[in-house]
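By the count of my numbering, the sequence shown reaches residue 1197 at its end, each step adding exactly one.
From the three backbone atoms N, C-alpha and C, an ideal C-beta is built for every residue, glycine too.
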Amino acid sequence: MKVTVDVDCTPEEARAFLGLPDVAPLQAAMMDQMKTQMQKTAAALEPETIFKTLFPMHTEGFADLQKTFWGQFMGNMKNGKSDK
1114 MKVTVDVDCT PEEARAFLGL PDVAPLQAAM MDQMKTQMQK TAAALEPETI
1164 FKTLFPMHTE GFADLQKTFW GQFMGNMKNG KSDK
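Structure below.
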């Protein structure tokens, strides 16, 4: 035997019926706190600090990385290992 029951209610009504707490005020308060903290942190950072945080390699590091890539590329070309 198969029985189907359709319940038409809002999420708030279902939450109250099941005895679950309403966490919307807590969520709103936490989001406001996170927004305030993120704004304070973003205002305190200078563009140079943000760049150094996101890209820790200095220009010398980029040059070394480029040399490594070119060395691998040229080494493969000399050994006949091109992807042709």
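Taking the C-alpha atoms as reference points, what is the distance between residue i and residue j?
{"i": "Val1177", "j": "Ala1142", "result": "The residue you asked about is not Val; residue 1177 is Asp in the sequence shown. Cα to Cα, Asp1177 sits roughly 48 Å from Ala1142."}
{"i": "Ala1157", "j": "Gln1150", "result": "11 Å"}
{"i": "Pro1160", "j": "Gln1140", "result": "31 Å"}
{"i": "Gly1132", "j": "Thr1123", "result": "14 Å"}
Have a look at the options and flag the residue whose alpha-carbon is nearest the alpha-carbon of residue i.
{"i": "Ala1137", "options": "Phe1130, Met1147, Glu1125, Leu1131", "result": "Glu1125"}
Hey, could you find the ends of the alpha helix (DSSP H) residue i is sitting in?
{"i": "Thr1149", "result": "1137-1157"}
Which same chain residues end up closer than 7 Å to residue i when comparing Cβ atoms and leaving out the 5 residues on each side of it in sequence?
{"i": "Arg1128", "result": "Asp1135"}
{"i": "Lys1115", "result": "none"}
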